[in-house]
Amino acid sequence: MKIICVIPAYNEEETISEVIAKVKPLVSEVVVVDDGSSDRTKELAEIQGVKVLSHFINRGQGAGLETGNQYALKEGADIIVHFDADGQFLAEEIKDMVLPIAKGEADIVFGSRFLGKKSNLPPFKKYAIIPLAHLVNKIFTGSNLTDPQNGFRAMSRKAAEKIKIEQDGMAHNTEIISKAFASGLKIKEIPVTVIYHNFGQRFSGGLKIVKDLILARLIN
Numbered sequence: 008m009k010i011i012c013v014i015p016a017y018n019e020e021e022t023i024s025e026v027i028a029k030v031k032p033l034v035s036e037v038v039v040v041d042d043g044s045s046d047r048t049k050e051l052a053e054i055q056g057v058k059v060l061s062h063f064i065n066r067g068q069g070a071g072l073e074t075g076n077q078y079a080l081k082e083g084a085d086i087i088v089h090f091d092a093d094g095q096f097l098a099e100e101i102k103d104m105v106l107p108i109a110k111g112e113a114d115i116v117f118g119s120r121f122l123g124k125k126s127n128l129p130p131f132k133k134y135a136i137i138p139l140a141h142l143v144n145k146i147f148t149g150s151n152l153t154d155p156q157n158g159f160r161a162m163s164r165k166a167a168e169k170i171k172i173e174q175d176g177m178a179h180n181t182e183i184i185s186k187a188f189a190s191g192l193k194i195k196e197i198p199v200t201v202i203y204h205n206f207g208q209r210f211s212g213g214l215k216i217v218k219d220l221i222l223a224r225l226i227n
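Below you can see the structure in the form of structure tokens.
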């Protein structure tokens with residue numbers, strides 16, 4: 008079974024080498040999508056000997072994931088894992104993410120910070136951004152997933168073929184959930200660990216997600 012891990016990265020020179028080194032032994036292939044970084048992210052990823060795809064400008068995490076998904080599908084991936092470049096996820100939990108798909112129990116698996124494993128969630132994120140994300144997720148998808156803004160996920164080839172990510176920015180999380188439910192895919196959530204190294208996300212980020220989703224709904 009071919010497992011390809013897609014790592015979108017924007018100015019992550021401090022963590023990218025360590026993240027790749029930890030993920031690489033656990034999957035069939037790692038592809039880093041350098042999203043117009045101005046630092047050494049691309050160079051350091053290439054030194055690690057993994058496939059690196061590049062955006063000439065910074066397009067956003069959603070765009071990076073879609074670029075990676077399309078590459079993985081062309082390379083014959085059976086399972087695609089989405090993994091952040093900033094070191095906040097644990098590579099050893101990849102095996103837990105892909106297992107339900109390998110066993111035929113799920114087409115797409117979402118990680119959750121709220122199903123038993125502890126994460127050092129910043130208070131502002133916990134009490135402001137996450138509740139907003141839950142509300143937005145409920146409004147736009149009708150689902151009750153416990154952690155709609157978690158970027159650690161795995162999808163089968165079938166799921167990746169059905170879900171085209173059109174939201175270039177952070178609204179892609181809700182978009183993926185919405186399309187997964189709309190496509191009738193088998194969905195599962197499992198507990199994952201998230202380690203925060205900085206607490207810089209602001210409320211404005213959550214508002215931008217809402218704006219992007221509303222605009223997408225109006226256009227479609």
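Just remember that the working numbering sits 7 ahead of the position in the sequence shown, which is counted from 1. Don't be surprised by glycine CBs; every beta carbon is placed ideally from N, CA and C.
Just verifying my parser: in three-state terms, what is the DSSP assignment at Met104? The residue labelled residue 104 in the question sits at position 97 within the sequence shown. Correct three-state label for Met104: helix.
Tell me where the beta strand (DSSP E) around Glu196 begins and ends. As a position in the sequence shown, residue 196 is number 189, starting the count at 1. Here the beta strand (DSSP E) through Glu196 covers Ile194 to Pro198.
Cα-Cα separation, Glu19 to Leu72: Position 12 of the sequence shown, counting from 1, holds the residue named residue 19. Position 65 of the sequence shown, counting from 1, holds the residue named residue 72. In this structure, the straight-line span from the alpha carbon of Glu19 to that of Leu72 is close to 16 angstroms.
Is there contact between the stretch 96–104 and the stretch 172–182, where contact requires at least three CB pairs shorter than 8 angstroms? no
Could you compute how far the alpha carbon of Ala187 sits from the alpha carbon of Ser119? Along the sequence shown, read from residue 1 onward, the residue named residue 187 stands at position 180. Along the sequence shown, read from residue 1 onward, the residue named residue 119 stands at position 112. Looking at the two C-alpha atoms, the distance is approximately 16 angstroms.
Quick one: give me the first and last residue of the alpha helix (DSSP H) that Glu50 is part of. For the purposes of this step, residue 50 is taken as the residue at position 43 of the sequence shown. That run of the alpha helix (DSSP H) goes Thr48 to Ile54.
Do you know whose CA, among Ala166, Ile184 and Ile170, lies nearest Gln156's CA? Translated into positions along the sequence shown, residue 156 becomes position 149. If we check each option's Cα against that of Gln156, Ile184 comes out closest.
Environment of Ala161 [buried if 16+ CB atoms lie within 10 Å]: As a working note, residue 161 is residue 154 in the sequence shown. Buried.
By DSSP, does Val57 sit in helix, in strand, or in coil? Counted from its first residue, the sequence shown places residue 57 at position 50. Note: Val57 maps to coil in three-state DSSP.
Is it buried or exposed, Ser163, if we count other Cβ atoms within 10 angstroms and call 16 or more buried? Within the sequence shown, numbered from 1, the residue matching residue 163 stands at position 156. The residue is buried, with at least 16 neighbouring Cβ atoms inside 10 Å.
For Asn65, which residues in the same chain have their Cβ closer than 7 angstroms to its Cβ, ignoring the five residues on either side in sequence? On the sequence shown, residue 65 is found 58 positions in, with the first residue counted as 1. The answer, listed in chain order, is Tyr17, Asp42 and Gly43.
Nearest neighbour of Lys31, chosen from Arg47, Ser45, Lys169 and Lys58 [CA to CA]: Here the question's residue 31 lines up with position 24 in the sequence shown. Ranking the options by Cα distance to Lys31, first place goes to Lys58.
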